[in-house]
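Accompanying notes for the structure given below.
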Amino acid sequence: MTLRKLQSRYLGIANDDDDIAIPADAEVDPRLILPPRKVRMKEKVNATFVTLARNEELYGLLTSINHIEDRFNRKFHYDWVFFNDVPFSEEFIQMTSAVVSGKAFYEVIPKEHWSFPEWINPDEARASIEKMKNKNGRTESYRHMCRFESGFFWQQPIMDKYDWYWRVEPNIEIYCDINYDVFKYMQDNNKVYGFTIAFHEFRNTIPTLWKSTQEFLDHHPEYIAEDNLQAFVSDNNGKTYNTCHFWTNFEIASLDFWRSQAYREYFDFLDHKGGFFWERWGDAPIHSIAASLFLQKDKIHFFEDIGYKHTAYRKCPLELTYRASHHCACDPERDWTYRSPCGKKYFKAMGIPLPQAALDLLERDKKAKEAKNKAEKEAKEKEASEKEASEKAEKEAKENAEKEAKEKAE
1 MTLRKLQSRY LGIANDDDDI AIPADAEVDP RLILPPRKVR MKEKVNATFV TLARNEELYG
61 LLTSINHIED RFNRKFHYDW VFFNDVPFSE EFIQMTSAVV SGKAFYEVIP KEHWSFPEWI
121 NPDEARASIE KMKNKNGRTE SYRHMCRFES GFFWQQPIMD KYDWYWRVEP NIEIYCDINY
181 DVFKYMQDNN KVYGFTIAFH EFRNTIPTLW KSTQEFLDHH PEYIAEDNLQ AFVSDNNGKT
241 YNTCHFWTNF EIASLDFWRS QAYREYFDFL DHKGGFFWER WGDAPIHSIA ASLFLQKDKI
301 HFFEDIGYKH TAYRKCPLEL TYRASHHCAC DPERDWTYRS PCGKKYFKAM GIPLPQAALD
361 LLERDKKAKE AKNKAEKEAK EKEASEKEAS EKAEKEAKEN AEKEAKEKAE
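For reference, each letter of the sequence shown is one residue, going 1 to 410 in full-length UniProt numbering.
Here is the structure:
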């Protein structure tokens, strides 16, 4: 049997038999080998994909779904829950249900979860939003989205039957094959929250978020976990927030964490502060602060093996052997994970060293920057030298012309 046929069978690309026996002499990377389909289906956990999308985002979302299905879900067939603040169009339902391999559910968000709460004056809130529009403030709809993702998506009745979720947004890419059940991995290894990219938040959108968090913690110090990851979100032992957060357009997490009393009370406290509307509090810093403070740090998982892209930022596994065996379609030289100040801060807060491949990448960056600075310096020196020579020549020409004119006059 050829190597490609062996890989095809074990990957579930074709001939996904339940009784496959791996030949002793098979030259197949063991990381490519999936358990038989019967075993995979039996071991599935209660998990789903979750997407908040508008009808007009359909085709960007189809790109995302196809990436997820091709790289992961065609092997596991997990469900997909779609949320919208208005009813989904027939086109949206037909197109998405045609490409997902699990069951698809389409939910309209209740008005009370996508509107101003009773303690917020809509006119004053809209004035505040308009004032911030040119300061990374975005729109009213964006505020409702942040509030929904922070405190309401997991409260929807459809989510009650699930324990885990993977958040997916339109226009993302998954670069590498994922040949294991990420939900089962999280459950089996006692993880609670998983991410791929860490980022800084715009400070002017959350000026009072940390102060409000401190106020909540003053009332509930019992919610602060021992051996937590506070050092990821604060550089001075909790005095201020450094704005680092896990980028929540990708997150694989336990729904029980958001359902916990600690997080419920934290969200409710923040919600009544009104920062989603008076400022522009995002779900990313709120999720990240909660996970960093309320969980032991070993409950947080960095998916270093998942290749991922959203907008201009990407996570690409650095190890060549891994990228080859998992058919990765990304350039490791464009990886953002280890270049991000918050990415580095995560490793430091966890007390683990950066991988050697990451150190090599940063060293190449350093040398490239030095070479660029050197080239720019030399170019400036050359330009200055040429300018000096030109000015000298002009001066000499002028002097010679004046001398000739004087001689003619005499």
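Cβ atoms here follow ideal geometry from the backbone N, Cα and C, with glycine treated the same way.
| Check | Outcome |
| --- | --- |
| Between which two residues does the alpha helix (DSSP H) containing T63 stretch? | L58 to R71 |
| In three-state terms, what does DSSP make of V108? | strand |
| Following the continuous alpha helix (DSSP H) through R126, name the residue where it begins and the one where it ends. | P122 to M132 |
| With a threshold of 16 other CB atoms inside 10 Å of the CB of L320, please say whether the residue is buried or exposed. | exposed |
| Extract the residue ranges of the alpha helix (DSSP H) inside the segment 261-324, only unbroken runs of 4 or more that lie entirely within it. | 261-273, 275-278 and 283-294 |
| Could you check where the beta strand (DSSP E) with E251 kicks off and where it finishes? | E251 to S254 |
| Quick one, which of N228, M159 and Y59 has its alpha-carbon nearest S89's? | Y59 |
| Taking the continuous beta strand (DSSP E) assigned at G193, which residues delimit it? | The displayed chain sequence assigns Tyr, not Gly, to residue 193. Y193 to F195 is the span of the beta strand (DSSP E), which, as asked, contains Y193. |
| DSSP three-state call for D79: helix, strand or coil? | strand |
| Less than 8 Å separating the beta-carbons of H272 and C244? | no |
| With Y78 and F105 assumed to form a contact (beta carbons below 8 Å), what rounded beta-carbon distance in angstroms separates them? | Wrong, their Cβ atoms sit about 12 Å apart, outside the cutoff. |
| When we look at the beta-carbon of K309 and count the other beta-carbons within 10 Å, is it buried (16 or more) or exposed? | buried |
| I'd like the span of the beta strand (DSSP E) that includes R167, first residue to last. | W164 to R167 |
| One question on the structure: do G307 and E251 come within less than 8 Å of each other, judged by their Cβ atoms? | no |
| So if DSSP puts H326 in a beta bridge, which residue, or which two residues, is it bridged to? | Per DSSP, none; premise fails for H326. |
| Measure the Cβ-Cβ separation of T208 and E91 and say whether it is below 8 Å. | no |
| In terms of residue numbering, what span does the alpha helix (DSSP H) encompassing L209 cover? | L209 to H219 |
| Is L255 a contact residue of the ligand FAD, with contact defined as CB to any heavy atom under 7 Å? | In the structure on display, the ligand FAD does not appear, and there are no ligands present to speak of. |
| Out of C328, I197 and W164, point me to the one whose CA is closest to S254's CA. | W164 |
| Any chance the segment 100-116 sits against the segment 130-137, with 3 or more Cβ pairs inside 8 Å? | no |
| In terms of residues, what are the limits of the alpha helix (DSSP H) holding T96? | E90 to V99 |
| Looking only at its chain, what residues have a beta carbon closer than 7 Å to the beta carbon of M95, apart from the 5 residues adjacent to it on each side? | L58 and L62 |
| How big is the Cα-Cα spacing for E407 and S390? | 25 Å |
| Any C-beta of chain C sitting closer than 8 Å to the C-beta of R126? | Here chain C cannot be found, since the structure has a single protein chain. |
| With a 10 Å radius around its C-beta and 16 neighbouring C-beta atoms as the bar for buried, classify N84 as buried or exposed. | buried |
| Can residue 411 and G151 be called in contact, C-beta distance under 8 Å? | This structure cannot settle anything about residue 411, because the visible part of the chain is limited to 1 through 410. |
| At the level of alpha carbons, what is the spacing between H144 and Q155? | 15 Å |
| In its own chain, which residues sit with a C-beta less than 8 Å from the C-beta of W336, not counting the 5 before and 5 after it? | I197, Y313, R314, K315 and G343 |
| Can you give me the Cβ contacts of A24 inside the same chain, cut-off strictly under 6 Å, excluding the 5 residues immediately before and after it? | The predicted position of A24 is uncertain, since its pLDDT is 49 and thus under 50; a value taken from the coordinates is nonetheless stated next. So the list is empty, once near-sequence residues are dropped. |
| Residue range of the alpha helix (DSSP H) that V50 falls in? | No alpha helix (DSSP H) contains V50, which is instead part of the beta strand (DSSP E) from A47 to L52. |
| DSSP three-state label for E118, please. | coil |
| Please identify the residue among L354, C146 and D177 whose C-alpha is closest to the C-alpha of A53. | C146 |
| Suppose contacts are defined by Cβ-Cβ distances below 8 Å. Is Y263 in contact with F257 by that definition? | yes |
| May I ask you to report which of helix, strand or coil DSSP gives I178? | coil |
| By a C-beta neighbour count over all protein chains shown, 10 Å radius and 16 as the cutoff for buried, is H67 buried or exposed? | buried |
| Using DSSP with H/G/I as helix, E/B as strand and the rest coil, what is E173? | strand |
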